[in-house]
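Count the sequence shown with our numbering and you get residues 652 to 1324, in order. C-beta: ideal position from N, C-alpha, C; glycine also. Because the structure is a prediction, the values reported are computed rather than measured. Have a look at the structure below, then the notes.
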Amino acid sequence: MSRDQIQTLKEELASQVLELGLIEADKFEKGSKHASNTGASTFDLLVKDGDVTVENLLKSLSDKYNIPFELNPQPLLPEIKKFPVAFCLKNGVIPITEEPNTIEFGLCHPGSLNALKNLSLMIGKKTKAKFIPPEFIFQSISQKHIHTVGEMEKSELVKKEEAAKQPQKTTIKQSNKAVKLDMDSIKSNKKKPEPELDLAALGKKTKEDEIPQAILETQKKEEPKKPELDLDALKESSKKIEEREAPKLDLTKDTKSTKDSKDTKDSKDTKSKKEETVTEIAGDVVNVVDDILSEAVQTGISDIHIEIFKEAAQIRFRGNGSMLAQAQYRSFITKNYNAVIARIKILANLDIAERRLPQDGKISYTAKDGTEVDFRISILPTNLGERVVIRILNSSSLAVTINALGFTKKQEEDFIKTVEAPQGMVLVTGPTGSGKSTTLYGAMNYLNKPDVNILTAEDPVEYTMSGISQVQVREDIGLTFASALRSFLRQDPEIILVGEIRDAETADIASKAALTGHLVLSTLHTNSAIGAISRLVNMGLPAYLVSSALSLVVAQRLIRKNCDKCKEPVDKSQSDVQEFIKEYNIDEDAKLTKVVGCSHCKDTGYLGRMGVHEVLVVTEEIAEAISTGKTELEILEIATESGFIPISDSGKRFLKDGSLSIEEFLRVIPKEE
């Protein structure tokens, strides 16, 4: 244990001596000045001069916090000597004894109690505390009675934590100065507020909440398997979440010491109940997080949003493109927000102590029915706390086939014909969340055969596909789409999938690969199929290269289908409906409908989604138009003559059969220009 750490903790102990009334203010100030001049610690000087004894300090702390003390603790047991040194160094505690469900820690300062409370939540065991002499703690750590795997001073875990935390060093003079600021209030008999110990406030952000990464490593080694969620067991739970309230703890009241045996017994009973309540909270957090993830999988939603606002925290599910608040979790999440976030971090193997920077992770498990489900975790720090978005990646999505994508018969024929070709470039365009990845995976399923070599570069790899070599792009180490593509060309592939063409370099390599005997599949962010041509040219690709390499472009949107149980016909005589029919050239016999909402669709009016597409086949006429620099409007006229169906016309067919509402059509389908 470093000298600075020991000195800092001893100055904190000196402050406790003053706050507990074990020394007069004048005498304390005199000792503090002497310590500042000599470089010694105030606490050591007070003990050396006989102004205070360690026994009196420990007894006073014990009486105040209802925690036992021991002057001569037993040496550490061998089986607990490998407890993470980073945690002990940071918080001034050492593990003393261990039982199957409980670890007892020795500490000398009440500020360590919050750290033990959070540790109990993280490791799933009860933690008991006992005040012991500070020198025993210092010697145990300094003599390496407690150690991590590898050299304590060179531990990568400790160095990583120190780099992330960048702790502020507190000098002895600074500490003494801080104590002196309270001298006037002490002399004027103004009682300094007692420090509060509120174990119920799990959502409160304090320095003690920051558990070092080393604890996570210890936990990982103790667990033979990564955390799994038992969805079926959770589904059968008879206790509803809305009935589950976080137990309320009130540990802020000062408890006076008394020799009365009855009061002592009541104090011990109260302490026992408090420990049990803390364990209840930890257990409830684990159960609630599992319930949230379980419900999300069972209801088929795509995203979970966990967020905190000034008035309360909330959870929202995104299903069918819409966000729905989950009121049943509101009360519990509000009271235990930070604990819930910490639980999610643990499941995703993230740093629970890092609250300043965004983090990304993943939770994987297999349900009892054999379904593989991945949760992609994104954590973003905000001014009120960390916000979490969980994307649900269900392996059942991999089973999508081309004929289930929502193409018209002509569009499907053009798409299959193009992806069966030995070379060329196929692009899928559309905004974020429009189903581009699903379309590409449908093509991969169709093309994935034992005699075909398929390589993909993705960011991230959302689904692992059997028989396909998938590469996770990592721009932080130089593994970009472009560099992955270069390597692919030396791996003898027939088919290459590039998650997204983001820059000119990637576009250039992909285009040239499409001209040298490879089928290249990728995505672009454009609003229309013809807009993809302009985008590639604007990236810097020569028009002749685009016209030669590009084979087909699919532009698509995802639209919400009307709920068949509650949709109602629209009164076509209304002026706004008549205006819509005229503007979009809708047939008079179209079965125009509107959404209503019912219990079947959870009052949204929608149930499920479907794709709407436009498919542009690059014919010889279109290729010539591209190479000669024709405008988008001119290319559109040529494509229309070849049978091209704009996305708006594809959407009209769903309007006509009543599966798409006017509101949804106007929301999703780009307006014709």
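Count the other C-beta atoms from every protein chain shown that fall within 10 angstroms of the C-beta of residue i, then say buried if there are 16 or more, exposed otherwise.
{"i": "Glu861", "result": "Note that Glu861 scores a pLDDT of 41, beneath 50, so its modelled location is shaky; the value from the coordinates is reported in the next line. When all chains shown are included, Glu861 counts as buried."}
{"i": "Leu1078", "result": "buried"}
{"i": "Met1076", "result": "buried"}
{"i": "Gln658", "result": "buried"}
{"i": "Phe960", "result": "exposed"}
{"i": "Glu680", "result": "buried"}
{"i": "Val1039", "result": "buried"}
{"i": "Val1332", "result": "As displayed, the chain neither begins before 652 nor continues past 1324, which places residue 1332 out of reach and without an answer."}
{"i": "Pro1073", "result": "exposed"}
{"i": "Glu1288", "result": "exposed"}
{"i": "Lys1007", "result": "Per the sequence shown, the amino acid found at residue 1007 is Arg instead of Lys. Arg1007 is exposed by the Cβ-count criterion."}
{"i": "Leu1317", "result": "exposed"}
{"i": "Ser1134", "result": "buried"}
{"i": "Lys876", "result": "Unreliable positioning characterises Lys876 in this predicted model, as indicated by a pLDDT of 45, which lies under 50. A coordinate reading is not provided."}
{"i": "Thr1255", "result": "buried"}
In whole angstroms, give me the CA-to-CA distance for residue i and residue j.
{"i": "Glu1271", "j": "Thr1069", "result": "14 Å"}
{"i": "Ala1290", "j": "Ala1004", "result": "57 Å"}
{"i": "Leu660", "j": "Val936", "result": "32 Å"}
{"i": "Asp849", "j": "Ala766", "result": "With a pLDDT of 38 at Asp849, under the threshold of 50, the predicted position of this residue should be treated as unreliable, and no value is reported."}
{"i": "Ala1155", "j": "Leu1192", "result": "7 Å"}
{"i": "Ser945", "j": "Arg1260", "result": "22 Å"}
{"i": "Glu1283", "j": "Ser1293", "result": "15 Å"}
{"i": "Leu1091", "j": "Glu958", "result": "32 Å"}
{"i": "Phe782", "j": "Ile718", "result": "7 Å"}
{"i": "Pro784", "j": "Ile984", "result": "39 Å"}
{"i": "Leu1031", "j": "Asp941", "result": "21 Å"}
{"i": "Glu1151", "j": "Ala1094", "result": "16 Å"}
{"i": "Ala1164", "j": "Leu1130", "result": "18 Å"}
{"i": "Phe1132", "j": "Ile1160", "result": "10 Å"}
{"i": "Asp1300", "j": "Gly1182", "result": "17 Å"}
{"i": "Asp695", "j": "Val948", "result": "59 Å"}
{"i": "Val668", "j": "Leu708", "result": "7 Å"}
{"i": "Asp1065", "j": "Ser1015", "result": "37 Å"}
{"i": "Ser1224", "j": "Lys1212", "result": "24 Å"}
Kindly give me the distance between the Cβ atoms of residue i and residue j, rounded to whole angstroms, as I take these residues to be in contact under 8 Å.
{"i": "Phe968", "j": "Gln977", "result": "6 Å"}
{"i": "Ala1158", "j": "Met1116", "result": "With 8 Å as the limit, Ala1158 and Met1116 do not qualify as a contact, their Cβ atoms being about 25 Å apart."}
{"i": "Ile1296", "j": "Glu1315", "result": "Not confirmed; about 19 Å, so no contact."}
{"i": "Arg1208", "j": "Ile1298", "result": "7 Å"}
{"i": "Ala1274", "j": "Ser1198", "result": "4 Å"}
{"i": "Leu1203", "j": "Leu1267", "result": "7 Å"}
{"i": "Ala1194", "j": "Gly1280", "result": "6 Å"}
{"i": "Pro1082", "j": "Leu1106", "result": "That pair is no contact at about 27 Å."}
{"i": "Ser711", "j": "Leu664", "result": "Not really, about 12 Å apart at Cβ, beyond 8 Å."}
{"i": "Thr1080", "j": "His1176", "result": "7 Å"}
{"i": "Lys779", "j": "Glu749", "result": "About 10 Å; that fails the 8 Å criterion."}
{"i": "Leu1187", "j": "Ile1237", "result": "Not confirmed; about 34 Å, so no contact."}
{"i": "Gly1302", "j": "Ile1210", "result": "7 Å"}
{"i": "Leu1243", "j": "Val1221", "result": "4 Å"}
On a Cα-Cα basis, can you pick out the residue from the options that is closest to residue i?
{"i": "Glu1126", "options": "Pro1111, Phe1139 and Ser1120", "result": "Pro1111"}
{"i": "Tyr716", "options": "Glu706, Gly762 and Thr693", "result": "Gly762"}
{"i": "Gly951", "options": "Val1246, Gly970 and Asn938", "result": "Gly970"}
{"i": "Val991", "options": "Val1024, His956 and Lys776", "result": "His956"}
{"i": "Gln1010", "options": "Glu1037, Ile984, Glu1023 and Gly1309", "result": "Glu1037"}
{"i": "Asp1308", "options": "Ala1274, Gln1229, Glu1219 and Lys1233", "result": "Glu1219"}
{"i": "Leu1136", "options": "Lys996, Glu1113 and Ser1162", "result": "Ser1162"}
{"i": "Ser1310", "options": "Thr753, Ser982, Cys759 and Lys1216", "result": "Lys1216"}
{"i": "Asp1025", "options": "Gly1057, Asp954, Glu1063 and Arg1006", "result": "Asp954"}
{"i": "Val703", "options": "Leu1258, Lys678 and Thr753", "result": "Lys678"}
{"i": "Gln790", "options": "Lys776, Gly757 and Leu764", "result": "Gly757"}
{"i": "Thr1167", "options": "Ala1200, Leu1148 and Ala1183", "result": "Ala1200"}
{"i": "Gly1248", "options": "Arg1186, Asp1238, Asn1178 and Ser1312", "result": "Ser1312"}
{"i": "Gly690", "options": "Ser1224, Asn707, Gly701 and Glu662", "result": "Glu662"}
{"i": "Phe1139", "options": "Ile1128, Arg1153 and Ile1119", "result": "Ile1119"}
{"i": "Arg1027", "options": "Ile745, Asn1034 and Asn1000", "result": "Asn1000"}
Exercise. Note down, one range per segment and in chain order, each beta strand (DSSP E) of at least 3 residues found wholly within the stretch 1249 to 1314.
Key: For the stretch 1249 to 1314, whole beta strand (DSSP E) runs of length 3 or above, ordered along the chain, are 1257 to 1268.
Continuous beta strand (DSSP E) assignments of at least 3 residues falling wholly in the stretch 995 to 1057: 1010 to 1017, 1023 to 1033 and 1036 to 1045
Could you tell me which whole beta strand (DSSP E) segments of length 3 or greater appear in the stretch 1145 to 1172? 1146 to 1149
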